[in-house]
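Residue numbers (our numbering): 122 to 400.
Where is the CB? At the ideal position from N, CA and C, for every residue including glycine.
Right, one structure below, let's go through it.
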Amino acid sequence: MRQLAVILLLSVATTAEAQVTAKGLILDLDADKGVEVEDGDRVVKWPNQVTTFAARDFVKQDQGRKEPGSGRPTLKKSVAAIGGHDTLVFKRQELVNHDEDAFDHLVTGKGYTWIAVVSVYKQVVQLKDVHSFFGNLKNGGMYEGIWGNVTDDNRVWIGSRNGITFGRWDQNNPMVLAPKPLEENRHYVVAGRMGSGTGEVQIEVFINEPPAVASKPFPVNPAANSSKLAIGQERDAINHPGRESFDGELARFLIYERPLTNDELQQDMDSLKKTYAIK
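Dropping the structure here:
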């Protein structure tokens with residue numbers, strides 16, 4: 122009888138693991154796996170589960186912070202609302218991967234898909250409508266790169282910047298904005314996708330499932346040069362850490378170096394919703 126119980130528990134654990142598309146997956150940050158903490162529950166490292174990719178660890182960043190350690194997110198264990206999985210809580214904090222070039226190709230022609238299991242809190246407004254949960258914008262110049270954000274009232278918006286103009290939102294820096302805000306303290310599967318190629322491609326945002334809730338065209342610039350990827354803010358913003366960051370939780374964050382097909386995106390989002398008990 123005990124042996125049967127063990128078998129059943131192993132079966133549940135296996136089915137609870139999200140089965141996501143493997144082709145083109147370059148980043149898998151999973152709050153259940155490998156998170157390193159100090160001072161109790163303050164996160165110092167979140168490792169990429171895709172061990173074959175150049176960008177490995179996302180680590181705490183003290184540079185630019187007046188108080189050392191204040192930029193560390195918090196590990197929140199066994200969150201009942203998502204089936205007992207862990208999350209990282211960000212309150213204008215960040216983890217940074219210091220590989221300068223690992224993600225450059227996403228904006229210069231490869232295209233991308235990213236998927237996040239995320240919950241938002243009430244945002245603390247510093248720069249209107251810019252609360253980034255990830256980004257690899259270049260420090261200085263035209264700030265080219267990719268990013269995912271919410272507005273002051275928690276509408277998801279995403280985009281890419283091609284480095285041709287500086288405007289916060291213009292044809293080279295589109296704001297692809299979801300029409301409705303996310304509910305605070307509720308978990309969602311949010312995704313962004315940009316087409317491949319060096320002409321004009323589409324950028325799309327998805328909430329819980331396809332089809333896209335918003336899309337805009339984007340002119341790809343093969344000469345764009347993005348930078349380090351940060352989780353919790355728009356870039357490695359050592360000049361003003363926490364200013365363009367979000368308040369909320371991340372349980373999972375995936376990046377593909379290609380646009381997933383509609384069927385692949387549907388499969389991944391369905392699998393993540395099942396794993397994290399998101400209706």
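When the Cα atoms are used, Glu378 and Asn257 turn out to be separated by approximately 14 Å. Of all alpha-carbon atoms in His206, His219 and Thr272, the one lying nearest the alpha-carbon of Leu350 is that of His219. Boundaries of the beta strand (DSSP E) harbouring Glu321: Glu321 to Ile328, taken from the DSSP string.
With a minimum length of 3 residues, the unbroken runs of beta strand (DSSP E) contained wholly in the region 268-303 fall at 276-282 and 297-302. Contact between the region 290-303 and the region 267-279 is present: 3 or more CB-CB pairs across the two stretches fall below 8 Å. Taking a C-beta distance under 7 Å as the contact criterion, Gln354 and Ser253 qualify as a contact pair.
Here Glu305 carries a strand assignment [DSSP, helix/strand/coil]. Distance from the CA atom of Gln140 to the CA atom of Tyr242, rounded to whole angstroms, is 28 Å. Taking the Cα positions, Glu188 is about 16 Å away from Glu159. In the three-state DSSP reduction, Ile203 falls in the helix class (H, G or I).
Straight-line measurement puts the Cα of Ile376 at about 21 Å from the Cα of Ala344. In chain order, Gly185 place their CB closer than 8 Å to the CB of His361, counting only its own chain and leaving out the 5 sequence neighbours on each side. The way I'd put it, the region 229-238 doesn't touch the region 188-201; fewer than three beta-carbon pairs between them come closer than 8 Å. By the Cβ test, the region 283-298 is in contact with the region 259-274, since at least three Cβ pairs between them sit closer than 8 Å.
Our two residues, Ser348 and Arg356, have alpha carbons roughly 8 Å apart in a direct line. Look at Glu159 here: in three-state DSSP terms it is strand. DSSP places Thr396 in the uninterrupted alpha helix (DSSP H) bounded by Asn383 to Thr396. The beta-carbon separation of Val180 and Asp149, rounded to 17 Å, does not stay under the 8 Å limit for a contact. DSSP places Leu258 outside both helix and strand once states are collapsed to three, so it counts as coil. As a beta-bridge residue in DSSP terms, Ile352 pairs with Leu216 and Phe255. DSSP, read as helix, strand or coil, puts Leu150 in strand.
In this structure, Gln247 is the residue among Gly284, Phe339, Asn283 and Gln247 with its C-alpha nearest to the C-alpha of Thr272. Looking at the backbone, the Cα of Arg163 and that of Gly313 are separated by about 28 Å. Distances from the alpha-carbon of Thr286 to those of Asn342, Ala372 and Phe224 put Asn342 closest. Minimum Cα-Cα distance from Leu216 among the listed residues Ile147, Asp389, Ala152 and Asp384 corresponds to Ala152. Leu209 carries a strand assignment under DSSP once its states are collapsed to helix, strand and coil. Annotation: Ser336 to Arg193 spans about 33 Å, alpha carbon to alpha carbon. The Cβ atoms of Glu370 and Thr142 lie no closer than 7 Å to each other.
Taking C-beta atoms under 8 Å as the contact rule, Leu393 and Pro331 fail to qualify, at a distance of about 13 Å. Measuring C-alpha to C-alpha distances from Val228 to each of Phe211, Asn169, Asn283 and Val239 identifies Asn283 as the nearest.
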